[in-house]
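Quick note, in the UniProt record's numbering, the sequence shown goes up one by one and the last residue is 398. Some notes on the structure that comes next.
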Amino acid sequence: MKSRRRRNVSENHHEEESPTSVNERVCSLPISIDLIIEILSRLPAKTIAKCRCVSKLWATILRLPDFTELFLTKSSARPQLLFACQKRSELFFFSTPQPQNPDQNSSPVAVSYHMKFPFNFSFERFSPINGLLCLRHECILKGRKKPVWGSVICNPSTGQSLPLPRMKTRRSFGGKSFFGYDPIQKLFKVLSMTLPYGIYNGNCEEYQVLTLGTGKLSWRLIECCRPHFPVYNEVCINGVLYYLACVNGFLEVVVYFDFGSEKFRFMKVMENFSGAVRPGNVNTTLINYNGKLGLLMSGGPGCDNRISGSIELWVLEDPEKHEWSKHIYVLPPLWRNVVGEAELDFVGMIGTNEIVLSQRCLYMNVHTFSTTISRETLSLKLKSKEWNCLSVVDFTPF
Numbered sequence: 001m002k003s004r005r006r007r008n009v010s011e012n013h014h015e016e017e018s019p020t021s022v023n024e025r026v027c028s029l030p031i032s033i034d035l036i037i038e039i040l041s042r043l044p045a046k047t048i049a050k051c052r053c054v055s056k057l058w059a060t061i062l063r064l065p066d067f068t069e070l071f072l073t074k075s076s077a078r079p080q081l082l083f084a085c086q087k088r089s090e091l092f093f094f095s096t097p098q099p100q101n102p103d104q105n106s107s108p109v110a111v112s113y114h115m116k117f118p119f120n121f122s123f124e125r126f127s128p129i130n131g132l133l134c135l136r137h138e139c140i141l142k143g144r145k146k147p148v149w150g151s152v153i154c155n156p157s158t159g160q161s162l163p164l165p166r167m168k169t170r171r172s173f174g175g176k177s178f179f180g181y182d183p184i185q186k187l188f189k190v191l192s193m194t195l196p197y198g199i200y201n202g203n204c205e206e207y208q209v210l211t212l213g214t215g216k217l218s219w220r221l222i223e224c225c226r227p228h229f230p231v232y233n234e235v236c237i238n239g240v241l242y243y244l245a246c247v248n249g250f251l252e253v254v255v256y257f258d259f260g261s262e263k264f265r266f267m268k269v270m271e272n273f274s275g276a277v278r279p280g281n282v283n284t285t286l287i288n289y290n291g292k293l294g295l296l297m298s299g300g301p302g303c304d305n306r307i308s309g310s311i312e313l314w315v316l317e318d319p320e321k322h323e324w325s326k327h328i329y330v331l332p333p334l335w336r337n338v339v340g341e342a343e344l345d346f347v348g349m350i351g352t353n354e355i356v357l358s359q360r361c362l363y364m365n366v367h368t369f370s371t372t373i374s375r376e377t378l379s380l381k382l383k384s385k386e387w388n389c390l391s392v393v394d395f396t397p398f
């Protein structure tokens with residue numbers, strides 16, 4: 001009997017099993033499904049990916065919502081930093097354990113290389129959603145001369161990637177995709193919008209949504225009451241996507257998109273930071289600030305440099321009333337000596353109080369500055385890498 005049960009566990013299958021049939025089969029095993037999930041949840045993400053190939057039963061167990069939640073909980077207890085660095089036309093992903101007490105331990109930490117991906121876009125920022133990323137890419141289809149854009153889902157911790165099907169459109173389009181997660185339905189979704197090539201001040205014309213993990217991947221058209229053009233900035237907080245956008249090239253708005261209801265909402269930005277909403281403006285970034293929408297921008301003119309005296313943080317306190325609070329963090333005197341003539345961009349947020357800036361300079365030595373928010377001032381750390389650092393963010397392997 002025992003040998004027969006072992007064959008059932010390791011047997012390869014090609015059809016999807018229902019959770020009910022999985023429970024029935026696991027009940028015949030010498031250990032419970034809860035214990036199996038507990039054991040597997042202790043494995044690294046890359047090993048989990050290999051275990052899915054053992055059998056259909058294992059693959060189904062590893063896709064159960066209970067296992068996903070437990071694995072993410074355990075991974076969150078071991079936070080990491082993800083570095084997305086560009087070198088020529090490739091994007092490289094590295095990670096390192098996040099220091100728990102960085103002020104007490106300044107010794108070097110090993111950096112792990114995960115994967116590289118063809119990438120020809122600059123000034124992109126990446127926000128992992130439960131360990132997954134959505135990247136833009138270009139490819140030339142058979143019979144065509146001009147490249148077409150598409151999206152691919154990547155898992156840096158396992159090195160796996162999933163190209164998404166092209167959107168069905170009538171003309172050749174460029175576009176923008178946003179990745180998010182609906183915590184209620186526990187579904188990953190991609191929101192994409194299309195724009196004719198060569199038009200940079202107009203509005204997107206089509207808005208479509210693709211849901212992952214529901215069988216065949218297909219795009220669905222959705223309604224948008226206010227056509228707009230997104231800029232390179234977004235953050236997903238509790239299933240709601242926020243990004244900055246222009247309407248007809250002039251009106252600046254903050255867009256809310258609920259991945260659950262798939263509905264858009266709009267809020268006109270305050271005059272104080274209306275200049276932040278401009279295509280190509282990489283000196284402003286949206287962040288998740290303690291579960292609220294935050295907007296970081298330089299306290300001085302233009303980008304952050306040696307003449308900048310502060311960093312401004314605007315926090316959306318009441319989305320219904322459109323009420324924001326303003327916080328100013330003064331840069332330390334050491335700032336001017338360390339930064340020199342460099343021009344810096346915001347490239348990420350670590351935890352709830354650490355801002356990361358990187359030198360605006362492609363394919364040369366890139367200095368990454370880390371500043372920690374305190375009551376009134378910012379402390380400063382410095383790291384140097386020979387990469388164009390596009391993003392530095394918290395990362396949960398999945």
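Even glycine gets a Cβ: it sits at the ideal position worked out from N, Cα and C.
With respect to the 8 Å criterion, Phe179 and Cys134 are classified as neighbours on the basis of their beta carbons. Annotation for Leu210: Leu164, Pro165, Lys189, Val190, Ser192, Leu217, Ser218, Trp219, Arg220 place their beta carbon closer than 8 Å to its own, counting only its chain and skipping 5 residues before and after. When the alpha-carbon of Cys236 is set against those of Asn290, Phe229, Glu252, the nearest one is in Asn290. Here Asn155 is buried: its Cβ has 16 or more other Cβ atoms, across all protein chains shown, within 10 Å. Looking only at Asn238, Val231, Thr169, the smallest Cα-Cα distance to Tyr207 is reached by Thr169. Distance from Glu90 to Phe119 at the Cβ level is roughly 6 Å; contact confirmed, criterion being Cβ atoms closer than 8 Å. For the pair Leu82 and Phe93, the CB atoms are nearer than the 8 Å cut-off. Across the structure, Arg42 and Asn238 are spaced so that their CA atoms are roughly 26 Å apart. For Gly131 and Thr73, the gap between their C-alpha atoms comes out near 12 Å.
Asn233 sits buried, since 16 or more C-beta atoms from the chains shown fall within 10 Å of its C-beta. Considering only Tyr256, Val111, Leu35, Val254, the residue with the shortest C-alpha distance to Ser157 is Val111. The C-beta of Glu320 has fewer than 16 other C-beta atoms within 10 Å across all chains shown, which makes the residue exposed.
Sequence-distant Cβ neighbours of Asn203 in its own chain, meaning closer than 6 Å and more than five residues away, are Pro227, His228, Phe229. For Ile33, the enclosing alpha helix (DSSP H) has its first and last residue at 33-40.
Rounded to the nearest whole angstrom, the CA to CA distance from Ser310 to Gly294 is 16 Å. When secondary structure is reduced to three states using DSSP, Leu64 falls in the coil class, being assigned neither helix nor strand. Around the beta carbon of Tyr329, 16 or more other beta carbons lie within 10 angstroms, which makes this residue buried.
In summary, Ile355 is buried, with 16 or more beta-carbon neighbours lying within 10 Å of its beta-carbon over all protein chains present. Per DSSP, Ile287 is one residue of the beta strand (DSSP E) stretching across 284-289.
When DSSP states are grouped into helix, strand and coil, Glu205 belongs to the coil group. The alpha-carbon of Gly213 is positioned some 7 Å away from that of Leu187.
DSSP places Ile48 in the uninterrupted alpha helix (DSSP H) bounded by 45-51. For Ala245, the closest alpha carbon among the candidates Thr285, Ala84, Ser261 is that of Thr285.
Glu262 sits in coil when the DSSP states are folded into three classes, being neither helix nor strand. Excluding five sequence positions before and after Gly260, the CB atoms of its chain that fall closer than 7 Å to its own CB belong to Asp182, Ile184, Gln185, Gly239, given in chain order. Assigned with DSSP and collapsed to three states, Lys268 falls in strand. By a beta-carbon distance limit of 8 Å, Val253 does not contact Lys263. Their separation comes to about 15 Å. In this structure, DSSP gives Asn155 an extended state, which the three-state scheme calls strand.
Thr60 has its alpha-carbon roughly 56 Å from the corresponding atom of Asn337.
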